[in-house]
Every structure is written in structure tokens, then in C-alpha cells.
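Right, one structure below, let's go through it.
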Amino acid sequence: MAAALIATTSTVPAAADNLGAAIVGGILGGVIVNEANKNKKRPRTVASSSTRAYNRETQVALNYFGFNAGTPDGVMGQRSRSAITQYQVYVGFPATGRLSQYERDFLVSSYNRAQVGGPQVVKAMQTHQHGVRSLLAVWHDEATGARTATSSYGGMPVEVSMAIDEVAASSDPSAEQLLQRSGFIQLADLNGDGKTDYILDTSVSGSSFWCGAQSCTVMVFASTPQGYSRNDFLSHQATPATFSCHQGVCRMNDAGNTQMAVAPAPVAPAPQQPETVMASTEPVVQEPAAPLGGITLFETAKPADAGPSLASLCSKVSLLTSSNGGFITAASMTDPELALSEQFCLARTYAIGTGEQIVSGLGNVTPAQVDAQCDAFGPATEPYIAKLATQPAAQVIGEVQRFVLKSNMSVEQLAGTAKICLFSGYRRDRMDVALGSALLMVGLGQKPYAELVGHHVGQGFGLGADSGKAKDWYLTAIEAMEGGAEAVFAPGQPERVALLRAAVTADDAAMAAPQPAAALPTFNITE
């Protein structure tokens, strides 16, 4: 850090002079110092081997799904073997008490996918008799091509899939045939939360059960933190422009053409919030019919300052991971971009888990206080985020280190606060908070966190995408872990570093591969 300080000549913004006041406001910093002092008093233990960390990750996943493996200590004893047998029997694997690589990968990837959350996870916890364990059966069926009553069509929310089954049960077309009919499903962001909402138009089913003389039932599914909320209307030729939603409550924009199919309980009129976005009335974007079937995509208006949603990306990636039978490995990788997206979402899950654990110990701090103070990371680290697009990784790290040295907070305060704010940023999809926190961790000497910066830069979350600049950050993390630095994301997967390197350097390998020489024409000349 001292060497980098000497080598760096750029000036540090004045915000660094009062970082403590800007970020923690006297709440997080004090609590984290107390936690750090407690940790100093605890006896230190010898670090576990990579094998024990690998086993601990398996035990944590088993316990999460209700297969009691005992305390995750990294020792696969009799209790862990019994839990493995129960897991194998439940999913339908051979009951050997020992996990094959596929069985272990499926278990851990399912655990990571469940941590991402989503309506499918919430619904399983609330309604299924086996709780979250039922997701193993659902996701295994998805991976093997089977489909159960609680799984989904094409990765759509289970609430939408159940409604498709409901329409099909009262119509001649099957569910699969309905999905191929143009206009049956329309996609739009009706409530402006950055997530896809769904419109099901039963008029294409040709069923008198769903249609009257002049209109048919239209089901509108709006996303909420608890899942998807269904709103039923009677409409003729409904489009996304026909509806607008505030959170899970939707209304019709054209009262003369549309009416509620079933009168709901009285609800106060939804306030017109700035973030509520009306569905666009722009012409439909016609996509190829073969891959999308009857799903029609509509362009929708977005808030002027809205960036891409990492939560939405990770939801889609988790579906692909499950359908592919587990995470991509270095040996199986054919799509480096998807492999990096999987690892980005996995790292995000670990960052959320770590921060959530720290916050749970801050009994005198509310979530609102945490979020409010973490929002100060945006302006405090904005100058360094801006430099990611123009300066090499080493130079930015040096300037962040100067930023750290000029602050009036201890290393323990800064590290604890950055981990909390990673959690806060990723939980709320605040990319400026998450990226600033990751930069601060790198500046504190935790170079494995440079992987997060690489993901943000490479995929354009928090700034414009630049794969060339991202490579420097990826390699900073990879070389640190190859040099013995402790992994902070998925520490039980030692092969992960090799996968990251293979994905990051895939273009280099392709360019270095010998190219076949162009064949020259030959002619047989005779006199």
C-alpha cells in the first residue's frame, strides 16, 4: 500500500478527508469497531484446508434443504453420510451415502440458486409441505426435461405457469399449444421495477369459458418482492398500453374498453409514484416466432437514470444454470460470457450472505439506517468509479489506497462497512453502492474482491461495459488467489479460479490458436 501511495501522483478528492462522517454517520463505524474488538478477543484457529472448506459448503447446502448434516465442520462423518443418503433418496439418485460430482454440483448450485430468491422460492416456502426442499425436485425435473405441477414453462414464474394450466384445462388447446399462439403471452414492465410482468390474453384460446360476447379474460401478473400478483380484467384486444401497475395492483388505462373481471376487495387508489412507468405505446418489436413462440416483446419506458438490473440477470442465469444441470466448469465451458455471468451471480450471493450475517449482529441499527448510510458510498466513491473507464486497474487501486489512507476510519471499520454496503447495494440493486464497496475492499488489500469490479466493468453494471478494462481487474483477483490469497467467494471450490482464468482469457486462446492456411488452387497444365 505504501509503495502504491508513493507511485500514485493523482490528487485525492476532498470527500476522502471526511470519509467516516460521509459513510457511517457514527452508527455503523462504532458498532463495527465493537464487533472487531470482540473478534480480536476470540482465540484464533488454524485455517481449514480446501477440502474441509469444500465439505463445509456441502454440509451447509444439506442443512439448508432440511437434510441434517450437523455442524458444518468440514468433516464428512456418519451424520453427513446419513444426510447425503436422505438427499439422494429424495431427489431420486442412487442411495450410496457418497456424492458423485454431479450430485454434489446439483446440490450446491441449487442452494446458491435458492439464495438468489424469487417467487418460486417464496412460493415453495409458503405453500409446499416440504418447504424449500421441494425446489430440489422441481429443479431436477427442469434439468432432466420433466415438468411437475410446481415447475414453470420456459423459466416463467410459477404463478404464470399455473394460470396457463388453468386456461388450458378449460380450452381445447393444450398448454404447449397455447404458448405457440401469437399474442397469448405479452411481456412488459408495467410497474417500473425493472422486472418483467406478464399479460395472458385468453381470447386466443377460442374458449367460450373465458370469453363473453364482446370481451375475454385478461390476466395481468405484476412483480412484487413476495412473488407475482394476479389481476383479472375483461378486455378486447388488450396490449401492455391498456394497463399500468403500482407494485402488485394494476388498473386499466382505457375504462371504456376494459373492466375488472372480478371485483376485488376495496383498495385505496394507487398513488402515482415517480418510479411507476406506463407501458410504452411504441410499435411492437417483432421477434422471430420460432424461439419465442406466442410471446410478444414490447418496448417499455424506463426511468432516465435506471441501469440494468443485476437481480433480473441473476434470476435468468439461475434458470439457465439449473436447466444445464449445474454450473459451467473449465472443462465443459463453451460460452465464456455465460460462465462469467454465473460466477458474478454466485459472488453476489456470497457477498449478500456475508453482509447479512454482519448486519444481523447490529442490534441497534435498523435496515433503513444501514441503507441510508451506505447510499453515501455513491458520491464518496464516484470519482474512482468514473476512472475505471479510462485508467488501468493498478492506477485506480493506487488512488483508492490513498483514499483509504486519507480517511479517518480504521481498516476494521472500513472493511466491515464495505461488506455491509455490498450486501445493501446488491440487495437493492444499487450498483453504485455495490461497485464502490468492492473498490474499497480492493483498496484495503483484499484483491480477490477485484473479481467483482471485473464483473461490473465487463458486463456494464454501474458503468459502461468494457471487456478490455475488465480483464485487468479479473487478472488482479485471479493472480492474487493463485498466489495464495484466500478466496472470498465459493471458497470450497478450488477449481473456480481455473474456470475464471479460462473464461477471461478465452479470446486470447482463440487468437493464439493456429489458423489453417488458405488452400491455393492448383492446375494440371499439359502441353
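The opening residue of the sequence shown carries number 17 in the numbering used here; numbering runs sequentially from there. Cβ coordinates follow ideal geometry from the N, Cα and C atoms, glycine included.
- A direct Cα-Cα distance of roughly 38 Å separates S223 from S325.
- Pairing G474 with L421, the inter-Cα distance amounts to about 28 Å.
- A direct Cα-Cα distance of roughly 21 Å separates S334 from E372.
- The three-state secondary structure of R149, taken from DSSP, is helix.
- In the structure shown, the three-state DSSP call for G243 is strand.
- With contacts defined by Cβ atoms closer than 7 Å, A431 and Y442 do not form a contacting pair.
- Within the DSSP bridge table, the entry for A204 names D213 as partners.
- Around S483, the same chain offers G474 as residues with beta carbons nearer than 6 Å, after the five sequence neighbours per side are excluded.
- Taking the C-beta atoms as reference points, I180 is found nearer than 7 Å to A191.
- Within the same chain, Cβ atoms closer than 8 Å to the Cβ of A481 are found at V473, G474 and Q475, the five residues on either side in sequence being excluded.
- D482 carries a coil assignment under DSSP once its states are collapsed to helix, strand and coil.
- Beta-carbon to beta-carbon, T345 and L456 are separated by about 32 Å, too far to satisfy the 8 Å threshold.
- For A396, the closest of F419, V412 and V76 by C-alpha to C-alpha distance is F419.
- Taking C-beta separations shorter than 6 Å and ignoring five residues to either side along the sequence, the partners of D387 in its chain run S440, following chain order.
- Counted as a single uninterrupted DSSP element, the alpha helix (DSSP H) harbouring H471 occupies residues A466 to Q475.
- Runs of the alpha helix (DSSP H) spanning 4 or more residues and lying entirely within the stretch 385-439 occur at 393-403 and 409-422, in chain order.
- When the Cα atoms are used, Q407 and V458 turn out to be separated by approximately 16 Å.
- In this structure the stretch 459-467 does not touch the stretch 337-356; the number of beta carbon pairs closer than 8 Å is below three.
- By the C-beta density criterion, T67 is exposed, having fewer than 16 other C-beta atoms within 10 angstroms.
- In the DSSP assignment, F259 is bridged to M268.
- About 19 Å separates the beta carbons of S231 and F237, which is beyond the 8 Å limit, so they are not a contact pair.
- With contacts defined by Cβ atoms closer than 7 Å, G369 and A69 do not form a contacting pair.
- Residue environment: Y118 is assigned as exposed (fewer than 16 neighbouring CB atoms within 10 Å of its CB, all protein chains considered).
- A straight line joining the alpha-carbon of G452 with that of I401 spans about 7 Å.
- Between A153 and V107, the beta carbon gap of about 7 Å places them in contact (Cβ cut-off 8 Å).
- By the criterion of a C-beta distance shorter than 7 Å, W489 is surrounded in its chain by A409, A466, V469, G470 and V473, once the five residues flanking it on both sides are discounted.
- Contact between V148 and E73 does not hold, since the beta-carbon distance rounds to 17 Å and is not under 8 Å.
- DSSP places S186 in the coil class of the three-state scheme, outside both helix and strand.
- Note on R364: 16 or more other CB atoms within 10 angstroms of its CB, so buried under the neighbour-count rule.
- For A238, the secondary structure class from DSSP, reduced to helix, strand or coil, is strand.
- The beta carbons of F122 and A99 sit no closer together than 7 Å.
- Residue pairing by DSSP places T233 opposite L250 in a beta bridge.
- When DSSP reads this structure, C227 sits in a beta bridge with C232.
- For N340, there is no enclosing alpha helix (DSSP H), as DSSP gives it neither H nor E.
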